[in-house]
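Residue numbers (UniProt numbering), protein chains in the order written: chain V, 1 to 568; chain D, 1 to 491. C-beta atoms are modelled at their ideal positions from N, C-alpha and C, and glycine is treated no differently. Keep in mind the model is a prediction, meaning the values are calculated, not measured. Notes for the one structure printed next.
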């Protein structure tokens, strides 16, 4: 058999399965899905691994229609939807007249994919758009299902907290599923003490701001996909003596980023301003370690040195990579435009001049900066002002449409529907109260040795994580007023455990909370939660789950109207 | 056109000083350099097995990953595959190394009790294999198990079966009552896939009015149907539904969206014309009207200019051939185009910049910025001068720049304006410090000298002497000012 892959899926699948494994299951060939005739392959079965998307159905239709009917043996087609079978897509295939060509149509349910030791993602890019623009709660259904699976493995979670409409839905579904499948009651000692469900629309602000942690900046600038990042190759050219400047690589350098790499685990969540000193310290340590070879006198010493060599080489190459990445990022963070952009963001977040047309934004429009950058800033201003004054909003809209094209009216409308860009209603601005009560803006931020989560945005403490922090101590009762200002209900549910499974907590033992972000989470928020986990007197450890890893750019992009017709 | 814009972008992105808030920047930078140095020096010691360490091909794909092998199997022949196989196995074992948890608690450590070895992998297996499917689905299951028409499922059971991916026949649900119960069950299950399936069934078997009426009181189902219709491109059905619900603004936007699918410009223009009367919000109506007017203009301009270009009579078009058609470009781009090719035309002409400015109420700032960029590109310094000159009623002229003269200087400099032109505008920059910066950067010596003179700054002036050519007029000027200053101090 041969597999035809939706290219997007190869990323997530790469995290869980190897080609060798597939080979064991008699997969002979693999292709990338693209229009035209399928490449020849001497196989009986062709299996399409695809996301349920209409564009992809069109390509498959094309593949099937161009298949040579005369060939023998004839090939059989099958389709495997990931993560879910979609009747919408099948309907589409039916209308194209090819549905009958598929012998099997199945689904491969892939709910939560492990990304790191403490991070799970559904990698469902459309989740936010579906929930908030289209009122399609399918992704919430999958989230609930994923949580049921997780509970089957790690025990029933006794306490569920949540904030937001989607959170409420997911909790309801979990309770319902539990009721409908009484067999799901298991006898596993619970690992998680608490589940916290958070709607992305409770905190629209955080993803809009530029992340300032090392990993966050890599994502903002180069985009991390399924733990891989593609970087410009120039800085990674192997510099060997005697062949200076010979053919530079032109393909982007691709690196995997996760905590398996010791150095990366140490610096990923630091503020970028604190990364340089760590790298230089590491360099000294490694240099010293290599120097040791001069002191190795006896055979035993040399043997020991050699035995450490592989580890040292790995450390060296890791250091080389991250030094190069840090240099690339520094080129950008030291640019005037990055600084200006950051200044405006921080002004908005600390509540300065959010109610009038901003000069910098106007300039950026006049200079035709990328539209997404403009939208991020305008939305940030709107969120930090609980909506813009009608006059200000109209002004921005006009400038954007005149400069970037009138068809973007559709995108602006989507942003309005999602609550990211809106006119202020009732003339009240709640943001200052929220900011002060939750201490979202900290003036004295310590980037090198942080004492508060606000270090991840150099001053701004992500609202979502603040809610998690306050839930652990002293509890949400202390912030009832502010919770009411944020959209959607907040609630608490309890799931009864058999007495034998109830935890008797030892003094000083940490609680474990699973935080599920419905609608996406940023790397900076993850960093903030890890920071809380590591606080000495924190008392709570966090595991993070989400529908999708996002940043402001990918998030806004998911809400933009697709303006070009599909390439096919 | 596109090159022009790219140039501009490059220009705007170029920065003149560094500004990020590193506490002690030099130190930070030197630290990076230091570690870089260390890394490089280490290369000499251990250089050989460099690439063997991580089993990653240059593109970074770990060997043995799926996307890597796709490329391989797509290009390689079967024989080479066999040879590679053994290395694949080897590679995969190193690749599957367990990521270390960042927090002390991790999913894998949580799993201690059940499986001591490679718990991380087992988690992923467990998560993904929810008891239904494996990597290679059993493709040859008996038909009977696969399709299940065994009739008597209740609506609730039917929905539950469908949620588990089984195919169920819905045809048994005949009465309206049954169908609605089925729909409500599906909605209660929150699985959009099942809701959509039921909706497709209802859409096929119910009269429109009845379907619409029932959906009006079932908002969740309604949203799913709207989404379905939009995706399937059933525009007419969708508009009927929205109209029935009285969601007029959505009707309007949804109809307007259609123009994106019309490639032919004439047809697109006609279509947009039809959109003007749609019930948009007041603000949006004027934008849609503008969109139509703009495309109408562009069609006229395009026809005219294409002919001009083909005839080869116009020197402007010969010298600067158009890079792309102006059709469907944004308003500001159109204005740039018109300032480039049609600057001197009378206001009565559709293609003249002033006409565009008036018709679309383009703000002064935006207009000056665009016109300036276009004229500077053509090195029409006279036009630049005129653009920035205003005359009051007494006939006195005055230079004015709504965008600020520092911005004017940047645009001109980007277009390689000669120093004589440049310094005229540098001189007009109001802020002394900015003026000095710009003048020094672009070597407008006269401006620098005059500014220091006005500041009575002997020290800076003396220091600046070494920046001008020996024996030049500028040097003489500095000398004469310096001696004048001395005289003034003593007298």
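Sequence ranges, alpha helix (DSSP H) only - wholly within the region 170-228 of chain D, length at least 4 | 176-189, 192-205, 208-216
Starting from residue 171 of chain V and walking both ways along the alpha helix (DSSP H), at which residues does that stretch end?
-> For residue 171 of chain V, the uninterrupted alpha helix (DSSP H) run begins and ends at 165-180, by DSSP.
Does any CB atom of chain V fall closer than 8 Å to the CB of residue 285 of chain D?
-> no
8 Å Cβ cutoff, residue 395 of chain D in contact with chain V = no
If residue 173 of chain V and residue 144 of chain V are in contact, beta carbons under 8 Å, what's the gap, nearest whole angstrom?
-> 4 Å
Is there at least one Cβ from chain V nearer than 8 Å to residue 451 of chain D's Cβ?
-> no
Say whether chain D places a C-beta atom closer than 8 Å to the C-beta of residue 449 of chain V.
-> Contact with chain D is absent for residue 449 of chain V, since none of that chain's Cβ atoms lies less than 8 Å from the residue's Cβ.
What's the call for residue 374 of chain D, buried or exposed, on a 16-neighbour Cβ count within 10 Å?
-> buried
Which class does residue 544 of chain V belong to by DSSP, given the choice of helix, strand or coil?
-> Correct three-state label for residue 544 of chain V: strand.
Contacting positions in the region 47-68 of chain V - beta carbon closer than 7 Å to chain D | Going along the region 47-68 of chain V in chain order, one finds 54 with a Cβ nearer than 7 Å to chain D.
If you measure from the beta carbon of residue 409 of chain V to each beta carbon in chain D, is any gap under 8 Å?
-> yes
So is residue 366 of chain D in contact with chain V if we call contact Cβ pairs under 8 Å?
-> For residue 366 of chain D, the answer is yes, since a Cβ of chain V falls inside 8 Å of its Cβ.
Between residue 192 of chain D and chain V, is there a C-beta pair that is closer than 8 Å?
-> yes
6 Å Cβ shell around residue 268 of chain V - same chain, five flanking residues per side excluded = 214, 215
Count the other CB atoms within 10 Å of the CB of residue 16 of chain V; is the residue buried (16 or more) or exposed (fewer)?
-> Buried, because 16 or more other Cβ atoms sit within 10 Å of the Cβ of residue 16 of chain V.
For the alpha helix (DSSP H) containing residue 49 of chain V, list its first residue and its last residue.
-> Run containing residue 49 of chain V: none in the alpha helix (DSSP H); it sits in the beta strand (DSSP E), 45-50.
In whole angstroms, what separates the C-alpha of residue 200 of chain D from that of residue 254 of chain D?
-> 21 Å
Taking a Cβ distance cut-off of 8 Å, strictly less, list which residues of the region 230-253 of chain D are near chain V, in chain order.
-> Residues of the region 230-253 of chain D that bring their beta carbon within less than 8 Å of a beta carbon in chain V comprise 231, 232, 253, in sequence order.
With burial defined as no fewer than 16 other Cβ atoms inside 10 Å of the residue's Cβ, what is the status of residue 5 of chain V: buried or exposed?
-> By the Cβ-count criterion, residue 5 of chain V is buried, with 16 or more other Cβ atoms from all chains shown falling within 10 Å of its own Cβ.
Beta-carbon neighbours of residue 385 of chain V, restricted to chain D and to distances below 9 Å | Simply none; closest approach about 19 Å.
Establish whether the CB of residue 437 of chain V and some CB of chain D are separated by less than 8 Å.
-> no
Taking C-beta pairs closer than 9 Å, name the residues in chain D that residue 403 of chain V reaches, listed in chain order.
-> Under the 9 Å cutoff, chain D gives 330, 331, 332, 333, 366.
Inside the region 329-395 of chain V only - alpha helix (DSSP H) runs reaching at least 4 residues = 336-349, 359-366, 371-383
Which term fits residue 57 of chain V, buried or exposed, when burial requires 16 or more other beta carbons within 10 angstroms of its beta carbon?
-> buried
Could you work out which residues of chain V lie near residue 369 of chain D, taking near to mean beta carbons separated by less than 8 Å?
-> 366
N-terminal and C-terminal residue of the alpha helix (DSSP H) that residue 95 of chain V is part of | Residues 87-95.
Could you spell out the range, first to last residue, of the beta strand (DSSP E) harbouring residue 188 of chain V?
-> Neither: residue 188 of chain V is in no beta strand (DSSP E) and is coded neither H nor E.
Could you tell me which residues DSSP pairs with residue 253 of chain V in its beta bridges?
-> For residue 253 of chain V, which the question treats as bridged, DSSP gives the partners V/231.
Sufficient close CB pairs (3 or more, under 8 Å) joining the region 542-557 of chain V to the region 196-209 of chain V = The region 542-557 of chain V is in contact with the region 196-209 of chain V.
Write down the C-beta distance between residue 545 of chain V and residue 112 of chain V rounded to the nearest angstrom, noting that I regard them as a contact closer than 8 Å.
-> 6 Å
For the putative contact between residue 14 of chain V and residue 201 of chain V, defined by C-beta atoms under 8 Å, what is the C-beta separation to the nearest angstrom?
-> In fact, because the Cβ distance is near 31 Å, the residues do not count as touching under 8 Å.
Considering residue 413 of chain D, what are the terminal residues of the alpha helix (DSSP H) in which it resides?
-> 405-414
Measure the CB-CB distance between residue 35 of chain V and residue 62 of chain V and report whether it falls below 8 Å.
-> Less than 8 Å divides the Cβ of residue 35 of chain V from the Cβ of residue 62 of chain V.
Beta carbon of residue 140 of chain V, beta carbon of residue 518 of chain V: below 8 Å?
-> yes
Tell me, which residues are paired with residue 3 of chain V by DSSP?
-> V/30, V/47
Interface residues of chain V around residue 218 of chain D at Cβ under 8 Å?
-> By Cβ distance, chain V contributes nothing, its closest Cβ being about 12 Å from residue 218 of chain D, past 8 Å.
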